[in-house]
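For what it's worth, the UniProt record's numbering labels the leading residue of the sequence shown as 1, then goes sequentially.
The C-beta atom is built at its ideal place from N, Cα and C for all residues, glycine as well.
Encoded as structure tokens, the structure appears first; notes follow it.
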Amino acid sequence: MSSWFNRKEKGIVTPTDQKKETPDGLWYKCPECKTVATMVEHRRLLSTCGNCGYHDRIEAAEYFSFLFDGGRFEELDADMHSADPLHFVDTKAYPQRLVATEKSTGLRDAVRTAHGQLNGLGLVVAAMDFKFIGGSMGSVVGEKIARAIDYAREHRLPFLMISRSGGARMMEAGFSLMQMAKTSARLALLSEAGLPYISLLTDPTTGGVTASFAMLGDFNIAEPGALIGFAGPRVIKETIGKDLPKGFQSAEFVLEHGFLDFIVDRKDLKGRLHALLSMLQAGKGAETESATAG
Ligand SMILES: [Zn+2]
């Protein structure tokens, strides 16, 4: 009996790039629950899954587009580039790697900074781009964050940091580590000036970034399911030689252990930030009043 569905001809090989069930750009399949949605719907949900709530990694540009009113913002230090302080060579010389990464990503470095309005409230935002060398913190990242904090201080605006980073940029070694001290010092000045700093940790936030500015917020908040940690789970498991608790280093685990203030769904982020900033502003107003009344 012949089967209708058996391939009779041998040696038919479909090239991998033609095996996709759907054309690129039309459909999104959730890697967690495999639910399929149209790209239009996926974008409407800010790249989260409508079924299981999985948060896809998005870029700085996307955060800017939905956090700032009407997607309007003014970018700070948009053209700043990395130098090659150590003449670092791995598989490629570092300057070549930078040029290639700039070309493939269309980005200048792993962070973008901007100011604009969030539901009418002025705000400075620094958001990291993971696809630029793993969102690693080199001199440009540190310098841009430091300048964005300075801008917030000069204009009396709150500061929001959106972290997504593998940590320090090894090609810049010590220069990279210096950025931790520099950004932390600037944040201390912001705090002295009485201006709020909110740190949003997204997937993944690890290494030197977790050890410095990402955990220094007046509020440290995270997206659901984000990996948060100093070293990756595999490295820790190998080091301590023990199995790690389930969900170790997920945002939910970190929250449960008291290191986060709350977890926020990306779709609620703008509203929650507005509520938080309004509350902080009102608090500040009351403080000033009682100070003048006394
Ligand atoms: Zn899903």
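Does at least one heavy atom of ligand 1 sit under 7 Å from the Cβ of Y54? Yes; taking the cut-off as 7 Å, the Cβ of Y54 has a heavy atom of ligand 1 nearer than that.
May I ask you to report which of helix, strand or coil DSSP gives Y63? helix
In chain order, what residues of the same chain lie with their CB nearer than 7 Å to the CB of A168, ignoring the 5 residues before and after it? S136, M137, S176, L177, G207, G208.
Touching by the beta-carbon criterion (3+ pairs, under 8 Å), the segment 243–255 and the segment 188–200: no
Name, in chain order, the residues that DSSP records as bridge partners for N220. S199
Just how far apart, CA to CA, sit H87 and V140? 16 Å
Excluding the 5 residues preceding and the 5 following K237 in the sequence, name in chain order all residues of the same chain whose CB lies nearer than 6 Å to its CB. L244, listed in sequence order.
What do you reckon, is the C-beta of F32 under 7 Å from a heavy atom of ligand 1? The sequence given here places Glu at residue 32; Phe does not occur at that position. The answer is yes for E32.
Measure the CB-CB distance between F132 and T101 and report whether it falls below 8 Å. yes
Would I149 and L187 be called neighbours here (beta carbons separated by less than 8 Å)? yes
Quick check on the burial criterion: 16 or more other C-beta atoms within 10 angstroms. Buried or exposed for K144? buried
Would you kindly report the start and end of the unbroken beta strand (DSSP E) that includes H42? Here H42 belongs to no beta strand (DSSP E); instead the alpha helix (DSSP H) covers 39–44.
With three or more beta-carbon pairs closer than 8 Å as the criterion, would you say the segment 62–70 touches the segment 92–101? no
Inspect the beta-carbon positions of H55 and R266 and report whether they are closer than 8 Å. yes
What number of angstroms, rounded off, separates the C-alpha of R234 from the C-alpha of R156? 42 Å
F248 versus D218: straight-line alpha-carbon distance, rounded: 24 Å
For my contact list, R112 and A60 are in at a C-beta cut-off of 8 Å; report their separation, rounded to the angstrom. Contact flag correct, Cβ pair sits at about 4 Å.
With a threshold of 6 Å on Cβ separation, who are the neighbours of H42 within its own chain once the five nearest residues in sequence on each side are excluded? Within the same chain, and ignoring the five residues on either side of H42 in sequence, the residues whose Cβ sits closer than 6 Å to its Cβ are Y28.
List the whole-angstrom C-beta distance separating H115 from L123, where the pair is believed to meet the contact cut-off of C-beta under 8 Å. Contact between H115 and L123 holds: CB atoms are separated by about 7 Å, below the 8 Å threshold.
Buried or exposed: T239, going by 16 or more other Cβ atoms within 10 Å of its Cβ? exposed
Is the beta carbon of G166 less than 8 Å from the beta carbon of G134? Taking 8 Å as the cut-off, the Cβ atoms of G166 and G134 count as close.
Give me, in chain order, the residues of the same chain whose beta-carbon lies closer than 8 Å to that of N263; leave out the 5 immediate sequence neighbours on both sides. Per the sequence shown, residue 263 should be read as Ile rather than Asn. Only I221, A222, E223, P224, A251, E252, L255 meet the Cβ criterion.
Excluding the 5 residues flanking A193 on each side, which residues of the same chain have their C-beta closer than 7 Å to its C-beta? R153
Does the distance from the CB of F159 to the CB of T183 come in under 8 Å? no
I want to check one thing, is the minimum distance from the CB of T105 to the heavy atoms of ligand 1 below 7 Å? no
Determine the contact status of M215 and I162, defining contact as a CB-CB distance below 8 Å. Inclusion of M215 and I162 in the CB contact set at 8 Å is not warranted, their separation being larger than that value.
Under the three-state reduction of DSSP, which class applies to T113: helix, strand or coil? Strand at T113.
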